[in-house]
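Asker: Just so we're aligned, residue 57 is where the sequence shown starts under this note's numbering, counting upward by one.
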Amino acid sequence: MPRSERSPLLLAGLLATAGAAHFVAPRQFDAIIPSALPGRPRAWTYASGAMELALAAGVALPRTRRAAALATAAFFVGVFPANVQMAVDWRDKPTPLKAAALARLPVQVPLVLWARGVAKGGKGQS
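Listed below in structure tokens is the structure:
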């Protein structure tokens, strides 16, 4: 399978894995929900997990791939504040945890670009 055909499936797999993790181990995600958001963190954790699962399904299907990949790019931008919150909250943690939290910040850029690339490759597929 050519790389261009694998890329959407790999992105869908990443989204599905992350989405499932929100339901399997929600506590770790609750902890990084920005306190400025209304409601309970667990509701946001489940909502974002469900969104990732829906995006995964959309990216996996050629017919919905382009729209789902664009929505995925927007989603990656939208969850950036949670990554910032995590970096702020973990500034007093041991160095490896602090480094992991900080490393998540620049990782959002290639994720957004990957999703946009999948969207561009998804044109005209059915």
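Every residue gets a Cβ at the ideal spot worked out from N, C-alpha and C, and that includes glycine.
What residues in its chain sit with their C-beta under 8 Å from that of Leu109, if we drop five residues either side in the sequence?
Answerer: Correct list, in chain order: Leu71, Ala72, Gly75, Ala76.
Asker: Please state whether DSSP places Ser86 in a helix, a strand or coil.
Answerer: In the sequence on display, residue 86 carries Asp and not Ser. It is helical.
Asker: Could you tell me whether the segment 111-126 touches the segment 151-169, using the rule of 3 or more Cβ pairs below 8 Å?
Answerer: No, they do not touch.
Asker: Have a look at Ala116 and Pro64 and give me their C-alpha separation to the nearest angstrom.
Answerer: Rounded to the nearest angstrom, the two C-alpha atoms are 6 Å apart.
Asker: Below 8 Å on the Cβ atoms is my contact criterion, and I expect Val174 with Ala99 to pass it. Report the Cβ-Cβ distance as a whole number of Å.
Answerer: Between Ala99 and Val174 the Cβ distance is about 29 Å, and since that is not below 8 Å, they are no contact.
Asker: To the nearest angstrom, how far is it from the Cα of Pro166 to the Cα of Gly95?
Answerer: In a straight line, the C-alpha of Pro166 is about 30 Å away from that of Gly95.
Asker: Is it buried or exposed for Lys179, if we count other Cβ within 10 angstroms and need 16 for buried?
Answerer: Because the pLDDT of Lys179 is 48, which lies under 50, any placement of that residue in the model is unreliable, and the number read from its coordinates should be weighed accordingly. Its Cβ having fewer than 16 others within 10 Å, Lys179 is exposed.
Asker: Distance check for Asp148 and Gln181, CA to CA, integer angstroms please.
Answerer: Below a pLDDT of 50, predicted positions are generally treated as unreliable, and Gln181, at 43, falls in that range; the measurement from the model is reported next regardless. Near 48 Å, if we compare the C-alpha coordinates of Asp148 and Gln181.
Asker: Taking 6 Å as the limit between beta carbons, can you name the residues of its chain near Phe85, skipping five residues before and five after?
Answerer: Within the same chain, Phe85 has close Cβ partners His78, Thr101.
Asker: Determine the extent of the alpha helix (DSSP H) in which Ala123 is found, giving its start and end residues.
Answerer: Unbroken alpha helix (DSSP H) run through Ala123: 121-134.
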